[in-house]
Amino acid sequence: MDKIAVSSQGRGLDDQVDPRFGRAAYFIVVDPETMSFEVLDNGNSRAMAQGAGIQAAEIVADSGAKAVLSGFVGPKAFQALSAAGIKIGQGVDGLSVREAVQRYQSGQVDMASRPNKPGHWA
Amino acid sequence: MIVAVASGKGGTGKTMVAASLAKVWDGPVQAVDMDVEEPNLHLFLKPELTGRETARLPVPLADQAKCTACRACAEICQFKAIAVLAGYVMTFPEMCHGCGGCTAVCPEGAITEDYRELGQVLWGRADGISFLMGRLRVGEAMSPPLMRAVWLKVDRSGDVIVDAPPGVSCPAIAAVRPADVILLVSEPTPFGFHDLKLAREAFEPLEKPMGVIVNRAGLGDEALYQYCREVELPILLEIPFDRRIAEAYSQGRVIAEARPEYRQGFLDLAGRIRDLAAAPLLEARHA
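Protein sequence lines correspond, in order, to chains H and G.
Take the working numbering: the final residue in the first sequence is number 122, and no numbers are missing along the way.
Take the working numbering: the final residue in the second sequence is number 287, and no numbers are missing along the way.
Below you can see the structure in the form of structure tokens.
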């Protein structure tokens, strides 16, 4: 099964989902079958004045993940992820990374067709 | 000489001062509205506009067929205006600052230049005053590139009075950096005082003579005056907190003309600006 990248406030499956995609602290890239995972540090994106979402999308695309779970994904990150063929599930903030993955697997995460957060400059 | 009329806080009277100064200025002068996000100097000087130009910024146009996804463009771009995802090159033209780096480093010649419209540069005359302004395109997020286009049109054969944008970020710096003298228009309120300190800190490294104009004098407290004494920022003019000034301003009138009792103040200000420009900067301030 395809790997899933979850924006996370910490480095483990039981940390909370980071509600922000572009400026998330980490991405936990999970293999949903085995729940094995790797941690990607998104610290460099966080520090950017602009383009954090685009850089975060590049990091996720490079990880090989085919889906993203987060709280809010902005328009540019959405565009970038979509172009890379990565599916996007939003609104899973308030859950742990593990719970978000479980919810996705049970088909309870809406895979959005458009961003749920306006751009900062829009 | 180029005089920039700046402030930290917005709404302290930059445009009022710039308009009055232009009206009383002795000798050829150009009034320039560099507050391109919300230009309003023209509302007071009422120039007859005789020319305009659209300012554009080069932005990348990527040819997917030629791209080998080497990422050279994505790596040189500081602003994520071009990215490579899953083997595809993507551009975000609204993020681009127009440096041309991506076009220069692409080994495949896959990037050509498209343009993003920044806004308009407009010019004309108002009585004896040459007038120039920029107007940012609605939706455009970056004003400094348009401001650079306005600067290219500035007529340096005479003196120049620049109405700067408020704040202390890139647009304000882009408006004051070419100036010979920076005027800081403030007011003796806690907000005015706070933002005056920010403005001084932001502009001090430019090592230009600076002076303060206290607008709405009589309001607030003494903190701003005390600070100016401590850091040796000269106060060049005080404009009283006078309802009649607000009334004239709200009617689009220039104070130096609408209220003759204030005209002398602006004439004195013009003289003090010339003195300030002529005096060497105090070495001690940078020691």
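All residues carry an ideal CB built from backbone N, CA and C; glycine is no exception.
Because the structure is a prediction, the values reported are computed rather than measured.
Residue interval of the alpha helix (DSSP H) (run including M16(G)) = 14 to 24
Closest to A141(G) by CA distance: which of C77(G), P166(G), P260(G), G119(G) is it?
-> G119(G)
Contact with chain H by E210(G), beta-carbon distance below 7 Å = Here residue 210(G) is Met; the residue named in the question, Glu, does not match the sequence. Judged by the 7 Å Cβ criterion, M210(G) is not in contact with chain H.
Could you tell me whether the Cβ of I28(H) comes closer than 7 Å to any Cβ of chain G?
-> no
Within 10 angstroms of the Cβ of A287(G), are there 16 or more other Cβ atoms? Answer buried if so, exposed if not.
-> Reliability of the predicted coordinates at A287(G) is poor, the pLDDT of 41 falling under 50, and no value is obtained from them.
Under 7 Å between C-beta atoms, does D268(G) make it to chain H?
-> no
For the segment 24 to 37 of chain G and the segment 211 to 219 of chain G, state whether three or more C-beta atom pairs, one from each stretch, are separated by less than 8 Å.
-> no
Terminal residues of the continuous beta strand (DSSP E) containing M210(G)?
-> 210 to 217
For A86(G), which residues in chain H fall below 9 Å Cβ to Cβ?
-> A61, D62, A83, A84, G85, I86
Run down chain G in chain order and give the residues with a C-beta less than 7 Å from the C-beta of G51(H).
-> F79, K80, M95
Any Cβ of chain G within less than 7 Å of the Cβ of I4(H)?
-> no
Going along chain G, which residues have a C-beta under 7 Å from Q55(H)?
-> Ordered by position in chain G, the residues that pass the 7 Å Cβ test against Q55(H) are K80.
Buried or exposed by the 16-neighbour rule on C-beta atoms within 10 Å, applied to L41(G) = Buried is the label assigned to L41(G), since at least 16 other Cβ atoms lie within 10 Å of its Cβ.
Kindly identify the DSSP beta-bridge partner or partners of S8(H).
-> V17(H), Y26(H)
May I ask you to report which of helix, strand or coil DSSP gives V36(G)?
-> coil
Quick one: using the 10 Å Cβ neighbour count with 16 as the cut-off for buried, is Q79(H) buried or exposed?
-> buried
Given 8 Å, three or more beta-carbon pairs between the segment 2 to 14 of chain G and the segment 84 to 93 of chain G = no
Does the Cβ of C73(G) have 16 or more other Cβ atoms within 10 Å, making it buried, or fewer, making it exposed?
-> buried
According to the Cβ coordinates, are A97(H) and D15(H) closer than 7 Å?
-> Residue identity check: residue 97(H) is Val in the sequence provided, not Ala. In contact: V97(H) and D15(H) (Cβ atoms closer than 7 Å).
Can you tell me the Cα-Cα spacing of G109(G) and E117(G), whole angstroms?
-> 24 Å
Using a C-beta cutoff of 7 Å, does F241(G) count as contacting chain H?
-> no
Looking at the structure shown, is L95(H) part of a helix, part of a strand, or coil, going by DSSP?
-> coil
C-alpha distance - P19(H) paired with G167(G), whole-angstrom precision = Approximately 31 Å, taken between the alpha carbons.
Members of the segment 126 to 145 of chain G that neighbour chain A once the beta carbon cut-off is set at 8 Å | Of the protein chains in the structure, H and G, none is chain A.
D159(G): first and last residue of the uninterrupted beta strand (DSSP E) it sits in | Judged by DSSP secondary structure, D159(G) falls within the beta strand (DSSP E) whose first and last residues are 159 to 163.
Nearest residue (CA-CA) to G265(G), options L237(G), L276(G), H194(G), E222(G) | L237(G)
Within the chosen definition, does the segment 86 to 95 of chain H reach the segment 59 to 77 of chain H through at least 3 CB pairs nearer than 8 Å?
-> yes
Ends of the alpha helix (DSSP H) at I76(G)?
-> 72 to 76
Rounded to a whole number of angstroms, what is the C-alpha to C-alpha distance between I273(G) and G218(G)?
-> 23 Å
According to DSSP, which residues form a beta bridge with A67(H)?
-> According to DSSP, A67(H) bridges with I4(H), K87(H).
If A4(G) and L45(G) are in contact, beta carbons under 8 Å, what's the gap, nearest whole angstrom?
-> Contact doesn't hold; Cβ gap of about 17 Å is too wide.
Would you mind sorting N44(H) into buried or exposed? The rule is 16 or more other CB atoms within 10 Å of its CB.
-> Label assigned to N44(H): exposed.
Is the CB-CB distance between A164(G) and A172(G) below 7 Å?
-> yes
Taking the alpha carbon of L269(G) as the point to measure from, which residue in A199(G), A202(G), Q226(G), V185(G) has its own alpha carbon closest?
-> V185(G)
Exposure of M111(H), with buried meaning 16 or more beta-carbon neighbours within 10 Å = By the 10 Å Cβ count, M111(H) comes out exposed.
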